[in-house]
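S.K.:
The structure is reproduced here in structure tokens:
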């Protein structure tokens with residue numbers, strides 16, 4: 012996995028051993044999303060799931076003595092090439108936390124040949140300081156761990 016922060020953007024890339032449509036579907040199919048969208052050792056429960064333009068997902072991630080809720084609002088869904096959404100920290104009711112930085116996430120699913128996909132995630136934040144804050148909160152380790160879960164899910168398919 013490669014990870015780079017540049018100004019107000021965080022770019023993460025990784026190659027998965029599955030075709031782009033399968034990797035894409037893992038993001039927009041509720042049971043698959045719940046199975047992998049969390050750091051290793053955690054679980055995810057989806058409270059609302061509507062993957063369409065202006066639709067949203069509201070989910071909770073549960074770890075040892077830690078609970079984190081999020082809301083993602085979909086902007087662009089182009090299977091199997093691109094998925095764009097705005098991501099927010101939220102509470103159990105799905106109310107967005109105005110004190111935490113909103114993020115715009117653009118996922119690109121590139122055919123890497125031999126049944127593989129190069130997934131490129133570009134997260135855009137309001138400024139460089141906010142991007143640095145997210146890095147300091149451990150986003151690199153969290154994404155590495157979360158994408159390990161995705162790798163395992165795709166291996167089962």
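In the working numbering, the protein residues as written are 12 to 168.
Glycine is no exception: its CB is placed at the ideal position from the N, C-alpha and C atoms.
On the premise that residue 24 lies in contact with residue 118, defined as a C-beta separation below 8 Å, what is that separation, rounded to the nearest angstrom?
M.R.: Contact flag wrong, Cβ pair sits at about 11 Å.
S.K.: Is there contact here, the region 12 to 19 with the region 97 to 107, by at least three beta-carbon pairs under 8 Å?
M.R.: Short answer: they don't touch.
S.K.: Just the C-alpha distance for residue 22 and residue 133, rounded to the nearest angstrom, thanks.
M.R.: When rounded, the distance between both Cα atoms is 4 Å.
S.K.: Based on the DSSP secondary-structure assignment, which residues constitute the bridge partners of residue 22?
M.R.: 15, 133, per the DSSP bridge assignment.
S.K.: In this structure, what does DSSP give as the bridge partners for residue 93?
M.R.: Bridge partners of residue 93: 89, 119.
S.K.: State the DSSP-derived secondary structure class of residue 143, mapped to helix, strand or coil.
M.R.: Residue 143 falls in the helix class under three-state DSSP.
S.K.: How long is the line joining the alpha carbons of residue 65 and residue 87, rounded to whole angstroms?
M.R.: Each residue's Cα considered, the two are about 9 Å apart.
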